[in-house]
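J.: Before I ask anything, here is the structure I am working with.
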Amino acid sequence: MTDVPAAVDAGEAPSEDVPPMVINDVPDPDVAEPPLEVGSCDALAPGMVTGFRVDSLDRSFILTLPPGATAPGGRWAVVFNWHGLGDSAANMNPLFAGEVGNAAMPFILVTPVSTRLGPATTPLGLEWENLRATTPNREARLFDAVLRCLDQRWGVDRDRVYTAGFSAGAIMSDLLGVLRGSQLAAIASYSGGTSPTPRTLPRSARCAPTPRGPRCRAAPATRS
59 MTDVPAAVDA GEAPSEDVPP MVINDVPDPD VAEPPLEVGS CDALAPGMVT GFRVDSLDRS
119 FILTLPPGAT APGGRWAVVF NWHGLGDSAA NMNPLFAGEV GNAAMPFILV TPVSTRLGPA
179 TTPLGLEWEN LRATTPNREA RLFDAVLRCL DQRWGVDRDR VYTAGFSAGA IMSDLLGVLR
239 GSQLAAIASY SGGTSPTPRT LPRSARCAPT PRGPRCRAAP ATRS
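Okay, structure coming up:
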């Protein structure tokens with residue numbers, strides 16, 4: 059197993075410029091499966107997949123298959139692998155790509171490419187839509203659509219679906235545990251984190267990204 063790849067981390071940011079992270083302990087939302095364009099699943103092949111449309115948005119990801127994944131009907135484990143802030147799927151993919159054919163648990167590896175979200179974009183995010191546990195969430199919808207296609211093409215063991223990430227990708231993996239927790243067997247979060255819910259923070263509290271994950275603090279009280 060290689061070391062965690064180097065990446066530009068979230069870094070320090072003024073708390074007033076970063077929106078509150080909203081994480082609620084709720085069950086998976088009951089959402090309809092994302093519509094798939096005709097032939098989109100058939101177009102999947104090892105390597106960089108581009109133009110994979112989810113909710114009218116073109117998405118990309120690197121797909122790495124184990125040697126035995128050649129036909130439908132299998133029961134493959136799946137690992138989603140989310141890169142960090144300023145990093146790339148190409149840099150993150152080697153973290154697990156060399157292990158897909160391991161004898162103990164061969165698996166299908168999916169390393170998504172971010173849509174470069176930020177604190178000022180719509181939706182909000184750090185590379186990924188990972189700052190608020192709202193639905194629909196574009197990364198959760200990508201997760202849904204890719205799993206559906208993998209199941210059609212090669213077969214998925216739904217009891218062995220995993221997510222991992224570094225930095226902003228780790229925050230995404232943690233949030234995916236909130237949004238799709240019943241579908242995940244485990245989460246590997248490298249330098250990620252979540253924040254307390256708004257109900258446990260003063261109204262003026264804000265969360266700022268740091269190298270160790272989001273840090274929340276209350277703004278100083280003002281005198282009347």
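The sequence shown stops at residue 282 when you use my numbering, and every number in between is there. Here a beta-carbon is modelled for each residue, glycine too, at the ideal position from N, C-alpha and C. Nothing here was measured: the structure is a model prediction, and the numbers come from that model.
List, from N- to C-terminal side, the beta strand (DSSP E) runs of 3 residues or more that fit wholly inside the stretch 116 to 148.
T.: 134 to 140
J.: Note down the Cα distance separating D215 from R206, rounded to an integer number of angstroms.
T.: 12 angstroms
J.: Report yes or no: do three or more beta-carbon pairs, one from the stretch 154 to 166 and one from the stretch 194 to 206, lie closer than 8 angstroms?
T.: no
J.: With a cut-off of 8 angstroms, do at least 3 Cβ pairs link the stretch 209 to 228 to the stretch 237 to 255?
T.: yes
J.: Taking only the alpha-carbon atoms, compute the straight-line gap between P125 and P152 and give it to the nearest angstrom.
T.: 16 angstroms
J.: Please state the DSSP three-state secondary structure of M230.
T.: helix
J.: Is S225 helix, strand or coil when you go by DSSP?
T.: coil
J.: Using 10 angstroms around the beta-carbon of S247, count the other beta-carbons present and answer buried if the total reaches 16, otherwise exposed.
T.: Around the beta carbon of S247, 16 or more other beta carbons lie within 10 angstroms, which makes this residue buried.
J.: What first and last residue would you give for the beta strand (DSSP E) that runs through V204?
T.: Looking at the DSSP string, V204 is not in any beta strand (DSSP E); the run it does join, the alpha helix (DSSP H), is 196 to 211.
J.: Where does P130 land, buried or exposed, given buried means 16+ other C-beta within 10 angstroms?
T.: exposed
J.: Could you pull out every residue in the same chain whose Cβ sits closer than 6 angstroms to the Cβ of L237, ignoring the five residues on either side in sequence?
T.: N195, A198
J.: Between the Cα of A147 and the Cα atoms of W134, R133, V107, which residue gives the shortest distance?
T.: Nearest to A147 by C-alpha distance, out of W134, R133, V107, is V107.
J.: Quick one: Cα of L132 to Cα of W212, how far?
T.: It is worth fixing the name first, because residue 132 is Gly in this sequence and not Leu. The alpha-carbon separation between G132 and W212 amounts to approximately 6 angstroms.
J.: Buried or exposed: which applies to L208, given that a residue is buried once 16 or more other Cβ atoms fall within 10 Å of its Cβ?
T.: So L208 counts as buried.
J.: Spatial neighbours of N188 within its chain, please: CB distance less than 6 angstroms, with the 5 preceding and 5 following residues excluded, ordered by chain position.
T.: For N188, where only same-chain residues beyond five positions count, the Cβ hits under 6 angstroms are I229, M230, L233.
J.: Any idea what DSSP makes of A155, helix, strand or coil?
T.: helix
J.: If you drop the 5 nearest sequence neighbours on each side, which residues of the same chain put their C-beta closer than 8 angstroms to that of S118?
T.: M106, V107, T108, G109, F110, A147, P170, V171
J.: Considering only residues of the same chain and omitting the five flanking positions on each side of R174, which have a CB-CB separation below 8 angstroms?
T.: Cβ within range, chain order: E185.
J.: Cα separation between A135 and L102?
T.: Roughly 17 angstroms between the two C-alpha positions.
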